[in-house]
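Asker:
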DNA sequence: AAGCTGGGCTAACCGAAAGCAGTCTCCGCA
DNA sequence: TGCGGAGACTGCTTTCGGTTAGCCCAGCTT
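Chains as they are written, first to last, in full-length UniProt numbering: chain D, 1 to 244; chain Y, 1 to 244.
Quick look at the structure:
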């Protein structure tokens, strides 16, 4: 890591609060133990415990739960700047698995270092708590989508949300973004079959709303999409008054 | 509150760690500001902020999100011993609404008292964190259900989960439990129509698995239900090693 | 007694999404 | 250079679950 200011996590946090020299320094010291993992091989397995937590530096990961019948539900995707398994480290139990979607680079964070960082810079602790709470809000929003949105709106909403998240770390814009997910990933995340995902994507493309092709999501009509899917980024952008 | 040992929250926490005199005392002092609310009137409204948190002492509550199109998704139900709006108090933002399902009694908890209690008894803080994390795990499980389980299995799983939670606070057993929910509540929670909820309940009843009638859930074949729905209570029962 | 209302319940109809089956293309590799 | 696998894509059939439209009953109002 040449410069901590280039770290996606820093970029994300910087949107919500100005980090002091001290805080940046603590962040920097967390960023030591850098490790790589290859796509497809599970990082943490369902039920496993005593794992380290990671901060994702590059690449995409998904967290999912397997059903007894073999189907899986993807709970969330992690993009650079996101935490992996923060909860399972704090509570020593992991109730879902993580699979790198692409080759990834992640920084290993030990519980002790984390707790140490928290006591040194309480504002940073608050920022991390804020990030964790935002993650939870995303899961809730995901639940609402799967429970109450049509397949089309669900897809649109999901891709918009990803776009908004990527924008925060400088990897996307209202035009679109590079997206390494397969249609199978989308299916497992949205509770659809891969076949139906394909049909939905075609429909969205043909109605001029968005294009999902060749590893790229292009918003052909951003405002139209927002209206169609009922996307409200409040739960992603909301600054915590405590941190102001 | 005649005796803190009778409080549902205490019962719940006691299952996972033995509380010391000191900790019980701190809990007791949190249980002062008791308040009542009537069924149907919202406690906290979507988007509202700066709310107090509550510990539910008696009655049932649901937390839900409204969609622009008027449909709603119930994210979770709260039963005695559960927190209401803990996250919104810590982060000063509320992203969903709470509606009492029945008349309820709740204890108001102020942020300062809470933080104060945490510094005095760190083990209690860890216990609360554990409870919050368990809530999150339930939301994830809920997401899996809505995304990947058939309507029948989803219903069975959901009612089993509620049963397991109620058992912890002494309000249910493997035989069944009193349940004030209407079929509309079930529909909004499970992402089904009320009509289909009725069909599903009939089917479960006719196949001798469970009976939902007259405000009561009866498990006619507990083991059969567990197998059918793939219910694994690990995420509810799991003790945190940190607390041992 | 008539008239609400809320909750439970059912039937008939229909659409959304799954399942199945198969093609096409790209790419790695033996 | 030909094989095999992954991923994208499509047509056809089936099924699950939503929608509409009601009925019944109990508990209230007035």
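Backbone N, C-alpha and C fix where the C-beta goes; we use that ideal spot for every residue, glycine too.
Checking the sheet assignment: what are the DSSP bridge partners for residue 83(D)?
Answerer: Here residue 83(D) is taken as the residue at index 83 of the first chain, counted from 1. Paired residue(s): 55(D).
Asker: Tell me where the alpha helix (DSSP H) around residue 108(Y) begins and ends.
Answerer: Within the second chain, the letter at position 108 stands for residue 108(Y). No alpha helix (DSSP H) holds residue 108(Y); the beta strand (DSSP E) holding it covers 104 to 109.
Asker: Can you check which of these residues, 63(Y), 35(Y) and 85(Y), is closest to residue 75(Y) by C-alpha distance?
Answerer: What you label residue 75(Y) is simply residue 75 of the second chain in a count that begins at 1. Cα-wise, what sits closest to residue 75(Y) is 63(Y).
Asker: Can you list, in chain order, the stretches of the beta strand (DSSP E) that have 3 or more residues and sit fully within the region 99 to 185 of chain Y?
Answerer: List check, beta strand (DSSP E) in window: 104 to 109 and 176 to 178.
Asker: Apart from the five residues on each side of it in sequence, which residues of its chain come closer than 8 Å, Cβ to Cβ, to residue 230(Y)?
Answerer: Mapped onto the second chain, residue 230(Y) falls at position 230. If you ignore the 5 residues before and after residue 230(Y), its C-beta comes within less than 8 Å of the C-beta of 149, 153 and 157, all in its own chain and listed in chain order.
Asker: Say whether the region 28 to 45 of chain Y touches the region 96 to 111 of chain Y, bearing in mind that this needs 3 or more beta-carbon pairs closer than 8 Å, one atom from each stretch.
Answerer: yes
Asker: Ends of the alpha helix (DSSP H) at residue 229(D)?
Answerer: Within the first chain, numbered from 1, the residue matching residue 229(D) stands at position 229. Segment 222 to 229, the alpha helix (DSSP H) holding residue 229(D).
Asker: Check whether the region 99 to 111 of chain Y touches the region 55 to 74 of chain Y, counting contact only when three or more Cβ pairs, one atom from each stretch, lie closer than 8 Å.
Answerer: yes
Asker: Does the separation of the CB atoms of residue 8(D) and residue 57(D) fall below 8 Å?
Answerer: As a first step, residue 8(D) must be located in the first chain, where it is residue number 8. As a first step, residue 57(D) must be located in the first chain, where it is residue number 57. Against a cut-off of 8 Å, the Cβ pair of residue 57(D) and residue 8(D) comes out as a contact.
Asker: Compute the Euclidean distance between the alpha carbons of residue 248(D) and residue 80(D), then round it to the nearest angstrom.
Answerer: Residue coverage of chain D in this structure runs from 1 to 244, which leaves residue 248(D) outside it and unanswerable.
Asker: Quick one, are the C-beta atoms of residue 146(D) and residue 114(D) less than 8 Å apart?
Answerer: Sequence index remark: in the first chain, residue 146(D) carries index 146 (1-based). Sequence index remark: in the first chain, residue 114(D) carries index 114 (1-based). Not a contact, by the Cβ cut-off of 8 Å.
Asker: Suppose the cutoff is 8 Å on Cβ atoms and the five residues either side in sequence are ignored; what does the same chain contact list for residue 224(D) look like?
Answerer: For the purposes of this step, residue 224(D) is taken as residue 224 along the first chain, with counting starting at 1. Excluding sequence neighbours, residue 224(D) sits near 208 and 209.
Asker: Taking beta-carbon pairs under 7 Å, can you tell me which members of the region 135 to 159 of chain D lie near chain Y?
Answerer: 136, 137, 139, 140, 142, 143, 144, 146, 147 and 148
Asker: Using 8 Å as the threshold, is the C-beta distance between residue 217(D) and residue 168(D) below it?
Answerer: Taking the first chain and counting its residues from 1, the one referred to as residue 217(D) is at position 217. Taking the first chain and counting its residues from 1, the one referred to as residue 168(D) is at position 168. With contacts defined by Cβ atoms closer than 8 Å, residue 217(D) and residue 168(D) do not form a contacting pair.
Asker: Among 198(Y), 178(Y), 174(Y) and 172(Y), which one has its Cα closest to the Cα of residue 184(Y)?
Answerer: If you number the second chain from 1, residue 184(Y) lands on position 184. Looking at the Cα atoms, 198(Y) is the closest of the given residues.
Asker: Can you tell me where the alpha helix (DSSP H) with residue 214(D) in it begins and where it stops?
Answerer: In the first chain, residue 214(D) corresponds to position 214, counting from 1. Element bounds for residue 214(D): n/a, residue is neither H nor E.
Asker: State buried or exposed for residue 187(D), treating a residue as buried only when at least 16 other CB atoms are found within 10 Å of its CB.
Answerer: Residue mapping note: residue 187(D) aligns to position 187 of the first chain, counting from 1. Counting Cβ neighbours within 10 Å, residue 187(D) comes out buried, since at least 16 surround it.
Asker: With a threshold of 8 Å between beta carbons, is residue 67(D) in contact with chain Y?
Answerer: Translated into the one-based positions of the first chain, residue 67(D) becomes position 67. Yes, residue 67(D) counts as interfacial toward chain Y.
Asker: May I ask you to report which of helix, strand or coil DSSP gives residue 75(D)?
Answerer: Counted from its first residue, the first chain places residue 75(D) at position 75. Strand.
Asker: Since residue 245(Y) and residue 84(Y) are thought to touch, with beta carbons under 8 Å apart, how far apart are those beta carbons, to the nearest angstrom?
Answerer: Shown here, chain Y extends from 1 to 244; a query on residue 245(Y) therefore has no answer.
Asker: Does the distance from the C-beta atom of residue 77(D) to that of residue 162(D) stay below 8 Å?
Answerer: In the first chain, counting from the first residue as 1, residue 77(D) sits at position 77. In the first chain, counting from the first residue as 1, residue 162(D) sits at position 162. Result yes, Cβ atoms of residue 77(D) and residue 162(D) sit closer than 8 Å.
Asker: Classify residue 23(Y) as buried or exposed, calling it buried when 16 or more other Cβ atoms lie within 10 Å of its own Cβ.
Answerer: Residue numbering aside, residue 23(Y) sits at position 23 when the second chain is read from its first letter. Buried: at least 16 other Cβ atoms inside 10 Å.
Asker: Can you tell me the Cα-Cα spacing of residue 15(Y) and residue 29(Y), whole angstroms?
Answerer: For the purposes of this step, residue 15(Y) is taken as the residue at position 15 of the second chain. For the purposes of this step, residue 29(Y) is taken as the residue at position 29 of the second chain. Their backbone Cα atoms lie some 21 Å apart in a straight line.
Asker: Is residue 227(D) buried or exposed, if buried means 16 or more other CB atoms sit within 10 Å of its CB?
Answerer: To locate residue 227(D), count along the first chain from 1; it is residue 227. Exposed.
Asker: I want to verify the contact list: residues of chain Y whose CB lies under 7 Å from the CB of residue 20(D), in sequence order.
Answerer: As a first step, residue 20(D) is located in the first chain; it is residue number 20 there, counting from the start. By Cβ distance, chain Y contributes nothing, its closest Cβ being about 21 Å from residue 20(D), past 7 Å.
Asker: Strictly under 8 Å for the Cβ-Cβ distance: is residue 14(Y) near chain D by that measure?
Answerer: Residue 14(Y) sits at position 14 when you count from the first residue of the second chain. So, not an interface residue.
Asker: Consult DSSP for residue 15(Y) and reduce its assignment to one of helix, strand or coil.
Answerer: Along the second chain, read from residue 1 onward, the residue named residue 15(Y) stands at position 15. Of the three classes helix, strand and coil, the one that applies to residue 15(Y) here is coil, per DSSP.
Asker: Quick one, which of 170(Y), 35(Y) and 200(Y) has its alpha-carbon nearest residue 108(Y)'s?
Answerer: To locate residue 108(Y), count along the second chain from 1; it is residue 108. Closest option to residue 108(Y), judged by alpha-carbon separation, among 170(Y), 35(Y) and 200(Y): 35(Y).
Asker: Which class does residue 243(D) belong to by DSSP, given the choice of helix, strand or coil?
Answerer: Counting from 1 along the first chain, the entry for residue 243(D) is found at position 243. Any reading at residue 243(D) is ruled out, since the residue's pLDDT is 49, under 50, leaving its predicted position unreliable.
Asker: Under a three-way DSSP split, which group does residue 33(Y) fall into?
Answerer: Within the second chain, the letter at position 33 stands for residue 33(Y). Of the three classes helix, strand and coil, the one that applies to residue 33(Y) here is coil, per DSSP.
Asker: Quick one: what's got a C-beta closer than 8 Å to residue 170(D)'s C-beta in the same chain, skipping five residues either side?
Answerer: By one-based count along the first chain, residue 170(D) stands at place 170. 8 and 11.
Asker: Measure the alpha-carbon distance for residue 202(D) versus residue 211(D) and round it to whole angstroms.
Answerer: Residue mapping note: residue 202(D) aligns to position 202 of the first chain, counting from 1. Residue mapping note: residue 211(D) aligns to position 211 of the first chain, counting from 1. Spanning the two alpha carbons is a distance of roughly 8 Å.
Asker: I need the boundaries of the alpha helix (DSSP H) containing residue 5(Y), first residue and last residue.
Answerer: Locating residue 5(Y) in the second chain gives position 5, where the first residue counts as 1. Per DSSP, residue 5(Y) belongs to no alpha helix (DSSP H) and is neither H nor E.
Asker: Starting from the beta carbon of residue 71(Y), find every residue of chain D whose beta carbon is closer than 7 Å, and list them in chain order.
Answerer: Reading the second chain from its first residue, position 71 is the one you call residue 71(Y). The answer, in chain order, is 148.
Asker: Taking the straight line between their C-alpha atoms, what separation do you get for residue 172(Y) and residue 214(Y)?
Answerer: Sequence index remark: in the second chain, residue 172(Y) carries index 172 (1-based). Sequence index remark: in the second chain, residue 214(Y) carries index 214 (1-based). Approximately 16 Å, taken between the alpha carbons.
Asker: Can you give me, in chain order, the residues of the region 169 to 200 of chain Y that have a beta carbon less than 8 Å from any beta carbon in chain D?
Answerer: 190 and 191
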